[in-house]
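Numbering (our numbering), first residue to last: 1 to 245.
Here it is, written out as structure tokens:
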């Protein structure tokens with residue numbers, strides 16, 4: 001995971017934060033969100049998800065796996081300068097576009113040609129009707145995608161002191177950089193073991209316990225921590241925790 005994806009605790013960022021409350025600022029952002037949802041609704045991994053979907057019977061040319069992890073991996077692979085230059089859904093668009101190019105669904109020349117057509121205001125051809133595909137995506141929106149789960153097998157209990165690991169990050173991780181090697185206290189143990197969408201290479205993937213860990217600000221930020229009764233909480237997979245002797 002690159003620097004731009006764990007900015008917690010850093011000072012002196014070049015621009016002030018903007019607390020935009022609208023989900024979609026521009027109309028085109030709704031379409032990007034829709035494309036992402038449709039890809040998740042047609043993803044191969046749904047064949048083994050709960051509830052199961054008859055994904056092999058859906059007549060779609062999309063034959064790959066696409067989850068939230070895929071979207072996040074694409075964003076994390078961006079050049080940091082591009083990451084800060086683009087808007088939120090522009091990053092989504094970049095990741096989705098690169099995925100389609102890498103997987104051979106479209107070439108860069110085809111994409112460039114289509115961009116020129118749109119710039120010239122050429123009306124796009126209406127899409128062919130695909131009711132079976134529409135039905136599958138609608139079914140996915142109603143049922144969702146429950147990750148693989150199991151009954152809880154926690155190694156730690158509420159009140160235990162734990163240290164956050166500093167495992168090397170592969171293409172994608174769910175461990176924020178500013179928590180690495182820090183110590184906290186288990187505040188809550190979730191009711192079951194939960195899997196992540198994919199195996200990230202840093203320990204998560206199969207079902208495992210998830211904890212809420214509490215950190216005092218001075219543990220994370222040292223002398224820069226602000227005074228006051230503040231506590232920082234993080235939800236973390238068990239693979240990211242180790243016991244403190």
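No residue lacks a Cβ here, since even glycine has one placed at the ideal position from N, Cα and C.
Pull up the distance between the alpha-carbon of residue 186 and that of residue 176, whole angstroms please. Spanning the two alpha carbons is a distance of roughly 17 Å.
For residue 189: DSSP bridge partner residues: 211
Would you call residue 227 buried or exposed, if buried means 16 or more other Cβ atoms sit within 10 Å of its Cβ? Around the beta carbon of residue 227, a 10 Å sphere encloses fewer than 16 other beta carbons of the protein chains shown; the residue is thus reported as exposed.
Among the residues of its own chain, which have a CB less than 7 Å from the CB of residue 205, if the five just before and after it don't count? 195, 196, 198 and 199
Evaluate contact between the region 161–178 and the region 131–151, counting only Cβ atoms and requiring at least three cross-stretch pairs below 8 Å. no
Report the rounded CA-to-CA distance for residue 74 versus residue 85, giving the unit in angstroms. 16 Å
Cα separation between residue 79 and residue 94? 11 Å
With DSSP as the reference, label residue 29 as helix, strand or coil. Note: residue 29 maps to helix in three-state DSSP.
Measure the CB-CB distance between residue 213 and residue 236 and report whether it falls below 7 Å. yes
Measure the beta-carbon distance from residue 211 to residue 244 and round it to whole angstroms, keeping in mind my assumption that it falls under 8 Å. Rounded, the Cβ-Cβ distance is 14 Å, inconsistent with contact.
For residue 183 and residue 219, which I take to be in contact (beta-carbon distance under 8 Å), what is that distance rounded to the nearest angstrom? 6 Å
Where DSSP assigns a beta bridge to residue 162, which residues make up the other side? 184 and 243
Given a cut-off of 7 Å, decide if residue 49 and residue 135 are closer than it, judged by their beta-carbon atoms. no
Roughly how many angstroms lie between the CA atoms of residue 23 and residue 88, to the nearest whole one? 10 Å
Helix, strand or coil at residue 93 [DSSP, three-state]: helix
Helix, strand or coil at residue 194 according to DSSP, with G and I counted as helix: Secondary structure at residue 194: strand, using DSSP grouped into helix, strand and coil.
Suppose contacts are defined by Cβ-Cβ distances below 7 Å. Is residue 64 in contact with residue 98 by that definition? No, the Cβ-Cβ distance between residue 64 and residue 98 is not below 7 Å.
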